[in-house]
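Peer 1:
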Amino acid sequence: DARVTQTPRDKVTEMGQEVTMRCQPILGHNTVFWYRQTMMQGLELLAYFRNRAPLDDSGMPKDRFSAEMPDATLATLKIQPSEPRDSAVYFCASGAPTSGSDEQFFGPGTRLTVL
Amino acid sequence: GNSVTQMEGPVTLSEEAFLTINCTYTATGYPSLFWYVQYPGEGLQLLLKATKADDKGSNKGFEATYRKETTSFHLEKGSVQVSDSAVYFCALSDDPNYGGATNKLIFGTGTLLAVQP
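Protein chains in written order, with our numbering: chain Z, 1 to 115; chain F, 1001 to 1117.
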């Protein structure tokens, strides 16, 4: 049963600390998306990659957020320094649009709390 | 630009009631349309989809028909259960036949459904 995995599932940290969230996309998927979900803003697209290259990160605050794909099996989202307003659930999703399907498969999310 | 508008929640129903969650969209070309469901504490998962006009997507008793003339993709279920309580998201993808298509999904704001026994 192929699934997107995310670690950690929960993270509590103090303001100013670095936070790294990791995602393992489904094997063979070449597109990876990072979303942030809050009660106030709903679901926001932060960044996405195709074949490990960033295609769009316009939804991401550039001064503190960075997203990378060191290899095809790992995507990372870093926040440095973290702020209380970054508290949210961060979802990773993967897909394979070049195979003809637009479906995105979501991971279980990382719940981040910045104190 | 492309956008999705769905009815605000929460929607509260009794078990076995009929469900409709409205979704309308604005898009160029012929996007694919989706309904995703998010159960408490989980990520979103695909519920159903339709890729062209007049297509009907269906799954787990839920249905939605791609209506090009009204730019709508309303979600329906004839008899809801307590286990259907979740947040439902309508979404569209860019039409791959138009220049600049990204295959991103554009999501609506989500509609919380609460089904009471």
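Positions of the beta carbon are idealized from the N, C-alpha and C atoms, including for glycine.
1. Could you check which residue in Z:S87, Z:Q80, Z:P108, Z:A72 has the C-alpha nearest to that of Z:G147?
2. Quick check on the DSSP output: what are the complete beta strand (DSSP E) runs of length 3 or more inside the stretch 18-48 of chain Z, in order along the chain?
3. Name the chain Z residues whose beta carbon is nearer than 9 Å to that of F:S1109?
4. Check for me: the beta strand (DSSP E) holding F:F1062 runs from which residue to which?
5. Helix, strand or coil for F:V1115 per DSSP?
6. Measure the Cβ-Cβ separation of Z:D102 and F:S1093 and say whether it is below 8 Å.
7. Look at the Cβ atom of Z:L43, then the Cβ atom of Z:A67, and state whether they are nearer than 8 Å.
8. For F:Y1039, which residues does DSSP report across the bridge?
9. Would the beta-carbon of F:T997 fall within 8 Å of that of F:V1011?
10. Using Cβ-Cβ distances below 9 Å, what residues of the stretch 1026-1037 of chain F are close to chain Z?
11. Taking the C-alpha atoms as reference points, what is the distance between F:G1078 and F:A1114?
12. Verify the CB distance criterion: does Z:P108 have a CB-CB separation below 8 Å to chain F?
13. Please report the Cβ distance between F:T1051 and F:T1024, rounded to the nearest whole angstrom; I am assuming they are in contact, meaning their Cβ atoms lie under 8 Å.
14. Quick one: Cα of F:G1099 to Cα of Z:P54, how far?
15. Using a C-beta cutoff of 8 Å, does Z:E103 count as contacting chain F?
16. Beta-carbon separation of Z:V114 and Z:M15 under 8 Å?
17. According to the neighbour-count rule (16 or more other Cβ atoms, all chains shown, within 10 Å of its Cβ), is F:F1018 buried or exposed?
18. What number of angstroms, rounded off, separates the C-alpha of F:S1014 from the C-alpha of Z:T31?
19. Just to confirm my understanding: we take F:Q1081, look at its own chain, exclude 5 residues before and 5 after, and list those with CB closer than 7 Å. What are they?
20. Judging by CA-CA distance, which residue of F:H1074, F:Y1039, F:D1054, F:S1032 is the nearest neighbour of F:F1062?
21. Just checking: is the beta-carbon of F:G1043 within a distance shorter than 8 Å of some beta-carbon in chain Z?
22. So, is the C-beta of F:S1058 closer than 8 Å to a C-beta in chain Z?
Peer 2: Well, looking at it:
1. The requested residue 147 of chain Z is not part of the displayed model; chain Z covers only 1 to 115.
2. Counting only runs of 3 or more, we get 19-24, 31-38.
3. The amino acid at residue 1109 of chain F is misidentified as Ser; the sequence shows Thr. Residues of chain Z passing the Cβ test: G42, L43.
4. Segment 1062-1065, the beta strand (DSSP E) holding F:F1062.
5. strand
6. yes
7. no
8. In DSSP, F:Y1039 forms no bridge with anything.
9. No answer is possible for residue 997 of chain F: it lies beyond the span of chain F, which begins at 1001 and ends at 1117.
10. Identification of residues in the stretch 1026-1037 of chain F having a C-beta nearer than 9 Å to some C-beta of chain Z yields P1031, S1032, F1034, Y1036, given in sequence order.
11. 15 Å
12. yes
13. About 18 Å; that fails the 8 Å criterion.
14. Residue placement at F:G1099 cannot be trusted, given a pLDDT of 49 that sits under 50; what the coordinates show is reported in the next sentence. The alpha-carbon atoms of F:G1099 and Z:P54 are separated by roughly 19 Å.
15. For Z:E103, at least one C-beta of chain F is nearer than 8 Å to its own C-beta.
16. Taking 8 Å as the cut-off, the beta carbon of Z:V114 is found closer than this to the beta carbon of Z:M15.
17. exposed
18. 40 Å
19. These residues qualify, in order along the chain: E1015, V1115.
20. F:H1074
21. Interface residue, yes.
22. no
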